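Protein chains in written order, with the working numbering: chain A, 1 to 285; chain B, 1001 to 1285. Below you'll find the structure, written out as structure tokens, and then a few comments.
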């Protein structure tokens, strides 16, 4: 996770890249602090950030150890940036004693929210796993297992239960997108590879045709597909630009002919593709 | 995603549950707004929130449509809460015209960060998928495919490449945790089921013994395991409390004997388990 650029001392003409230590500090997993902190840092592309995620800082002692570490990393003269979602006041106060600049991602908004809701927040620290969590856990476990079983057209056992069936030529991003939807949203997602055999036909492949209304297609650019395929089978016909161009054109024609919504994955992250699929298939509340 | 509690009109003794519409609004996927917003809402357990995630609000027009929707949901008299991570000023101004209470999760912190860094943020909106993204995409794709191949001890082909090998009795949460680490962190994670046959032996099962230093164990409570196994095979010996108690005790003995770090998954989410594993195995920067 460390993005450290080398500084070459003899290259006197160029100023050395500016570096800054960044800490994402949480009393939980650190995911929220990391996600929001990173969304903020992306606005400063000229600075290189040395990132440290420090989860489970929920005692004075953990906070003291961390404060010492932050102070050590401040020894180069620039105050580290400390993004925090820690809730316990004692822990926050301890962090505040460090030489880092604290950016509290939660506290200020909690006050705003209290005002909006006209009530104070509960005093107790609410753990993130409460009632209903076992159900969510079951749903995720089931969804991940379903996705593994129904990956790449391997099984049709419970295809009729799928919330979404992702179809695309090989290496367009079906599997990671499937797994993300299963894991993050507990959806039953199958995926099915389109091959040259599928294209002469008028409609969708017989295996997925009964579920046309739940199908979602992926496409990409020929260049990107060729790059990804070269990873798997370098210099094969399978990876050639011509072959990629052909398969993608045929797949897009098929999507249009069968009115399957589709998406170009070449400039999108797995998170973005999943968000578009949820929205298009009306799978979010 | 909607958490709507039923209001029973005839139960005059109890005040009706307080409900409030909440919008998570983003010019991207909405994940950041949803994650931080939810972390804030958890502090108000007495209020029922009707949640709406609205991704890709990046034009004036999308903002106007949304403002109209927010105003409609404000018709019950209580102003909706609008968490936003939208960056374009024009879009934020449009949202600001709604009857909702805007909580800007990004803007204020950006100013704090500019002060801390002693520079202004870049004017252009930096897309979340820039250089280096293709590499991350490859890493994730590879990791998810590795995880599928090496799930539940199914393959040992590339076990030597594993960053982590998760071991546990059946239904302790190996598969979702494996998939989360693969998808979110691009790590190569295999998992291997411990069965009764593995316990009489002194050491780890032969398949994973060479990778002892990369093994991580899961355990849970007998009750939780029994609940989860009942989901799969109701009223079986496999799901009985006695059997679960026995397997978990044997597994924990094995972890201690072989000095494999382990974790009780019964009160932890997949995110929390993954964070602990990353930290214990020193896999984070």
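No residue lacks a Cβ here, since even glycine has one placed at the ideal position from N, Cα and C. These numbers come from a predicted model, not from an experiment.
Between the CA atoms of residue j and residue i - distance to the nearest angstrom
| i | j | result |
| --- | --- | --- |
| residue 1105 of chain B | residue 1216 of chain B | 37 Å |
| residue 1139 of chain B | residue 267 of chain A | 16 Å |
| residue 1195 of chain B | residue 1219 of chain B | 13 Å |
| residue 158 of chain A | residue 277 of chain A | 21 Å |
| residue 1187 of chain B | residue 1253 of chain B | 28 Å |
| residue 101 of chain A | residue 70 of chain A | 10 Å |
| residue 1221 of chain B | residue 1249 of chain B | 10 Å |
| residue 110 of chain A | residue 255 of chain A | 46 Å |
| residue 199 of chain A | residue 244 of chain A | 14 Å |
| residue 1163 of chain B | residue 166 of chain A | 29 Å |
| residue 156 of chain A | residue 147 of chain A | 11 Å |
| residue 1173 of chain B | residue 1113 of chain B | 39 Å |
| residue 1128 of chain B | residue 210 of chain A | Its pLDDT being 49, under 50, residue 1128 of chain B is placed unreliably in this model, and the coordinates cannot settle the point. |
| residue 117 of chain A | residue 1053 of chain B | 19 Å |
| residue 1077 of chain B | residue 1120 of chain B | 40 Å |
| residue 44 of chain A | residue 1092 of chain B | 21 Å |
| residue 1122 of chain B | residue 1057 of chain B | 21 Å |
Buried or exposed by the 16-neighbour rule on C-beta atoms within 10 Å, applied to residue i
| i | result |
| --- | --- |
| residue 1272 of chain B | buried |
| residue 241 of chain A | exposed |
| residue 36 of chain A | buried |
| residue 1247 of chain B | buried |
| residue 29 of chain A | buried |
| residue 153 of chain A | buried |
| residue 265 of chain A | buried |
| residue 21 of chain A | buried |
| residue 1055 of chain B | buried |
| residue 1089 of chain B | exposed |
Cutoff 8 Å: residue i Cβ touching any chain B Cβ
| i | result |
| --- | --- |
| residue 105 of chain A | yes |
| residue 72 of chain A | no |
| residue 225 of chain A | no |
| residue 140 of chain A | yes |
| residue 264 of chain A | no |
| residue 65 of chain A | no |
| residue 43 of chain A | yes |
| residue 243 of chain A | no |
| residue 260 of chain A | no |
| residue 55 of chain A | yes |
| residue 277 of chain A | no |
| residue 206 of chain A | no |
| residue 234 of chain A | no |
| residue 116 of chain A | yes |
| residue 284 of chain A | yes |
Close beta carbons around residue i, own chain, < 8 Å, minus the five adjacent residues each side
| i | result |
| --- | --- |
| residue 61 of chain A | none |
| residue 1274 of chain B | 1177, 1180, 1181, 1184, 1185 |
| residue 1059 of chain B | 1091 |
Beta carbon proximity, residue i to chain A, threshold 8 Å
| i | result |
| --- | --- |
| residue 1163 of chain B | no |
| residue 1250 of chain B | no |
| residue 1166 of chain B | no |
| residue 1179 of chain B | yes |
| residue 1222 of chain B | no |
| residue 1091 of chain B | no |
| residue 1109 of chain B | yes |
| residue 1186 of chain B | no |
| residue 1040 of chain B | yes |
| residue 1151 of chain B | yes |
| residue 1028 of chain B | yes |
| residue 1237 of chain B | no |
| residue 1121 of chain B | yes |
| residue 1271 of chain B | yes |
Close beta carbons around residue i, own chain, < 7 Å, minus the five adjacent residues each side
| i | result |
| --- | --- |
| residue 67 of chain A | 94, 95, 97, 98 |
| residue 1170 of chain B | 1193 |
| residue 1251 of chain B | 1168, 1169, 1194, 1217, 1219 |
| residue 74 of chain A | 80, 99, 100 |
| residue 1258 of chain B | 1203, 1204, 1212 |
| residue 1208 of chain B | 1165, 1167, 1192, 1215 |
Under 8 Å between C-beta atoms of residue i and residue j
| i | j | result |
| --- | --- | --- |
| residue 145 of chain A | residue 1175 of chain B | yes |
| residue 1143 of chain B | residue 1182 of chain B | yes |
| residue 1083 of chain B | residue 1023 of chain B | yes |
Contact set for residue i: own chain, Cβ-Cβ below 6 Å, skip 5 residues either direction
| i | result |
| --- | --- |
| residue 239 of chain A | 226, 229, 230, 233 |
| residue 150 of chain A | 190 |
| residue 1085 of chain B | 1026, 1032, 1033, 1105, 1106 |
| residue 18 of chain A | 47 |
| residue 1049 of chain B | 1020, 1022, 1041 |
| residue 224 of chain A | 266 |
| residue 1205 of chain B | 1198 |
| residue 1237 of chain B | 1243 |
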